[in-house]
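Letter by letter, the sequence shown follows residues 462 to 747 of our numbering.
Heads up, the beta-carbon is just placed ideally off N, CA and C, and yes, glycines get one too.
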Amino acid sequence: MVSDPGKEPGMRIIALDVHRSFAQTAILEKGKIRDAGRIDLERGRLLQFATKLKPDDEIVIEATGNTSAIVRLLSPFVGRVVIANPILVRAIAWAKVKTDKIDAAVLAKLHASGFLPEVWMPDEETETRRRVVAERTQLVSQMTRLKNRIHSVLHANLIPPYKGILFSKRGRAWLEAQPLAEDQRRVVLRHAGELDRLGGELAQVDKSLAQTALQEPRVKRLMTITGVDVTVALSIVAAVGDIERFSSPEKLVSYFGLNPRGSGSPATSRPITAASPNKAEPTHDR
462 MVSDPGKEPG MRIIALDVHR SFAQTAILEK GKIRDAGRID LERGRLLQFA TKLKPDDEIV
522 IEATGNTSAI VRLLSPFVGR VVIANPILVR AIAWAKVKTD KIDAAVLAKL HASGFLPEVW
582 MPDEETETRR RVVAERTQLV SQMTRLKNRI HSVLHANLIP PYKGILFSKR GRAWLEAQPL
642 AEDQRRVVLR HAGELDRLGG ELAQVDKSLA QTALQEPRVK RLMTITGVDV TVALSIVAAV
702 GDIERFSSPE KLVSYFGLNP RGSGSPATSR PITAASPNKA EPTHDR
């Protein structure tokens, strides 16, 4: 998706080259571009900047870690906020000399010419779902690392694997009875205690996901597929967001990185690259 060409002559385009703590701004107006200085990326400073904007202004910003927060703050003050794909912007507007001022100017010019590669901005509900799913994924990853460390201690002491579920009540009793040095026993018990704490947090997150799923018809429909539970279904819905943004099923498959090959010209095809990551991260318990 690219910007629409033919912007109104009197309309201002304000580009923000965003960094961790500041944004370099450039303003394109009546065919002329000028440097508008830096803005500290703090809520108060951004709102102060927003009061100087006009209702028909368009803001251009690259997708980055704090883009969503900036967009939410500035959107009520302008006609439109456009989010650019940073990878494609660099591919289109490669330059030997790169500065913050140049980068901001490039964003404004690309948008004005209709060549700015845009990305979709998820709504607040979708963002919330993505955060909860990401939180669950992080909890599962932390628990997996702790379990692996416990298994590593057992393996280092030539203790054969437990024939059952190691982290069940019986498995814990077996674990505590194993002949380990006192320092290693402390490590194992500390990891086991941390597993209990994280398990409680995971249960709370799963409860929240289940409550959300009850109100989402798409989740219920996905759960009719064999092997798709509440967590997986909600992860897919959160990753996809508004499905209408995909012009074809092939585009949706490509977004998830599930297409084994990508087609170029009618006579050629190529393997997918690392630029097509799987958007729905693993959410299962390991």
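- The criterion of a C-beta distance shorter than 8 Å is satisfied by I475 and D518.
- Contact between I522 and V479 holds, since their C-beta atoms are separated by about 6 Å, short of 8 Å.
- For T486, the uninterrupted beta strand (DSSP E) run begins and ends at 483-490, by DSSP.
- The way I'd put it, the stretch 694-706 does touch the stretch 579-589; three or more beta-carbon pairs between them come closer than 8 Å.
- Beyond the five residues adjoining it in sequence on each side, D584 comes within less than 8 Å, by CB distance, of G702, D703 in the same chain, given in chain order.
- Closest option to Q676, judged by alpha-carbon separation, among V698, L663, I611: V698.
- When C-alpha distances from E662 are compared across A524, V594, L600, the shortest belongs to L600.
- Here the alpha carbons of I611 and A545 stand approximately 45 Å from one another.
- By the neighbour-count criterion, in which 16 or more other beta carbons inside 10 Å mark a residue as buried, H572 falls on the buried side.
- Per DSSP, the continuous beta strand (DSSP E) segment holding E519 begins and ends at 519-523.
- Around T560, the same chain offers no residue with a beta carbon nearer than 7 Å, after the five sequence neighbours per side are excluded.
- A distance below 8 Å separates the beta carbons of A694 and V680.
- Distance from the CA of Q665 to the CA of R481, rounded to the nearest whole angstrom, comes to 32 Å.
- By the C-beta density criterion, T692 is buried, having at least 16 other C-beta atoms within 10 angstroms.
- Under the rule that a run must span 4 or more residues, the alpha helix (DSSP H) segments found entirely inside the stretch 548-590 read 561-574.
- A residue is called buried once 16 or more other Cβ atoms fall within 10 Å of its Cβ, and I548, having fewer, is exposed.
- Sequence-distant partners of L507 (beyond 5 residues in either direction) whose C-beta falls short of 6 Å from its own C-beta, in its chain, are L534.
- In the same chain as Y623, and ignoring 5 residues on each side of it, the C-beta atoms closer than 7 Å to its own belong to G632, W635, in chain order.
- Contact between V532 and V542 holds: CB atoms are separated by about 5 Å, below the 8 Å threshold.
- Secondary structure at K493: strand, using DSSP grouped into helix, strand and coil.
- Secondary structure at D703: coil, using DSSP grouped into helix, strand and coil.
- Put simply, of V648, H652, N527 the residue whose alpha carbon is nearest the alpha carbon of A484 is N527.
- With a beta-carbon spacing of about 7 Å, V550 and L568 fall inside the 8 Å limit used to define contacts.
- Closest option to D564, judged by alpha-carbon separation, among A497, F510, A511, E503: A497.
- The three-state reading of DSSP puts V479 in strand, counting E and B together.
- A straight-line Cα-Cα distance of about 12 Å links E637 and R651.
- In the DSSP assignment, A545 forms a beta bridge with E523, E579.
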